[in-house]
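One structure below.
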Amino acid sequence: MNNHNPMHVPVLLEAVVRNALPENGKIFADCTFGLGGHTKAILDEYPQITKVFAVDRDAEILNYSIDKNPDPRIARFQAKASELPEVLEHTGCKGADGILLDLGVSSYQLDSSERGFSFMRSGPLDMRMDKRDKITAENIVNTYEKSELEHIFFEYGEEKFARRITDAIIRKRAEKTITTTEDLAKIICDAVPAANKSKKHIHPATRVFQALRIEVNNELGEIEDFLAVALDCLNPGGHLSIISFHSLEDRLIKNFMQKFAKGCDCPPNFPVCVCGKKPTLEVLTKKAIFADEDEIAVNPRSRSARLRCCKKIITVNHEKA
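Number 322 marks the last residue of the sequence shown (this note's numbering); no jumps.
Right, here's the structure in full:
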């Protein structure tokens, strides 16, 4: 690790704490624990909490967080968020009163050149949240077909120069294997028109690196898997809070909350409900909560963050998301 004292500022902290769990909640699950910044603030605000399930795919950051957040109520588990049911079952816990999912990348990960998440530091093209996974960004950049790369950059990165960038990557990798973040960032910068670089407020490589990270870690698939089990992991009255940073992520979350807040899925032209499905959650944030200008000034990474929260209202079985 080349940065022994990484600073990570939790995004939307006040709103997350406010919506974390009901006043009498005692069991909390942070499914993207990181360094535990959100959890620390939540424990301070809700002293009645007796247990925190700290779940993260990244073993390195979990181990590092022990010194940062040594509270004995915290039990750490290397697992995916979607594996929360197994974590709860393993400990004999029936459910949580609050669940948090923060889909951002920790500063600890971004600031480590060896992890390959950032184009600001030269390092191997890795980007794996869980080092046990086999696929890396280097594998994708050097082996995926042209059409696959273009799709990933356009869909996951919303990169309008996806085709130009893909063409440049294909040319360069034919000469030699692309192995470092520095090399890839240069290829991207050279491919983007100069006029566009001067207009954009973000680095030209930002969207492509985001897209690669999403692909490497199957982030959208993991969100869907998590949403399919989230309500079953909540106690009645429990709160679910999710922070997203990408429109595709937010769409999945918004649609999930709307679906289970509505309950009935009969066709609009039916005069009365015949499906019998009842709402299983109440949306607590009618619109997504964004960072204000003051927070963005202190923590620029919060600019694209958005928070949605809901509450489980009944215990009947529901179909999976």
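Backbone N, C-alpha and C define an ideal beta-carbon position, used for all residues, glycine too.
- In this structure, I166 sits away from K147, with a CB-CB distance that is not shorter than 8 Å.
- The three-state secondary structure of S113, taken from DSSP, is coil.
- For V273, there is no enclosing beta strand (DSSP E), as DSSP marks it with neither H nor E.
- Taken atom to atom, the span from the alpha-carbon of V230 to that of L89 is near 12 Å.
- Three or more pairs of CB atoms, one per stretch, sit closer than 8 Å, so the segment 204 to 217 contacts the segment 156 to 164.
- In the structure shown, E183 falls within a helical segment according to DSSP collapsed to helix, strand and coil.
- Burial is judged here by how many other beta carbons sit within 10 angstroms of a residue's own beta carbon; Q110 has at least 16 and is buried.
- I188 has its alpha-carbon roughly 8 Å from the corresponding atom of K173.
- Our two residues, E250 and G124, have alpha carbons roughly 27 Å apart in a direct line.
- P125 is bridged by DSSP to T181.
- Your pair I62 and L36 checks out as a contact, with CB atoms roughly 7 Å apart and the cut at 8 Å.
- Cβ neighbours of C234 within its own chain (closer than 8 Å, five residues either side excluded): A30, L85, P86, L89, G96, A97, I100.
- Under the Cβ criterion (8 Å, minimum of three pairs), the segment 272 to 287 does not count as touching the segment 298 to 305.
- Non-local beta-carbon contacts of K278 in its own chain, meaning distances under 7 Å to residues more than five positions away in sequence, involve G264, C265, D266 in chain order.
- Taking a contact as a CB-CB distance under 8 Å, the pair F227 and L102 counts as one, their CB atoms being some 6 Å apart.
- Non-local C-beta neighbours of P11 in its own chain, meaning closer than 6 Å and more than five positions away in sequence, comprise G38, H39, ordered along the chain.
- Residues of the same chain with a CB within less than 6 Å of the CB of S119, apart from the 5 flanking positions on each side, are L111 in chain order.
- In terms of Cα proximity to A16, the closest of A82, D184, R133, I244 is I244.
- By the 16-neighbour rule on beta-carbons within 10 angstroms, A195 is exposed.
- Where F261 is concerned, the enclosing alpha helix (DSSP H) starts and stops at 248 to 263.
- By the 16-neighbour rule on beta-carbons within 10 angstroms, F34 is buried.
- The alpha-carbon of A169 is positioned some 17 Å away from that of L126.
- In this structure Q79 is in contact with D57, their Cβ atoms being roughly 7 Å apart against a cut-off of 8 Å.
- N64 and N256 have their alpha carbons spaced roughly 35 Å apart.
- Across the structure, S114 and E183 are spaced so that their CA atoms are roughly 10 Å apart.
- D98 carries a strand assignment under DSSP once its states are collapsed to helix, strand and coil.
- Of all alpha-carbon atoms in E176, A163, A175, the one lying nearest the alpha-carbon of C190 is that of A163.
- Under the 10 Å beta carbon count, F261 is surrounded by 16 or more other beta carbons and is classified as buried.
- Secondary structure at V10: coil, using DSSP grouped into helix, strand and coil.
- For the alpha helix (DSSP H) assignment, the uninterrupted runs of no fewer than 4 residues enclosed by the segment 213 to 248 are, from N- to C-terminal side, 220 to 234.
- Residue burial annotation: K312 is buried, with at least 16 other C-beta atoms found within 10 angstroms of its C-beta.
- In the DSSP secondary-structure assignment, D57 is bridged to Q79.
- Closest option to N236, judged by alpha-carbon separation, among N25, R19, V106: N25.
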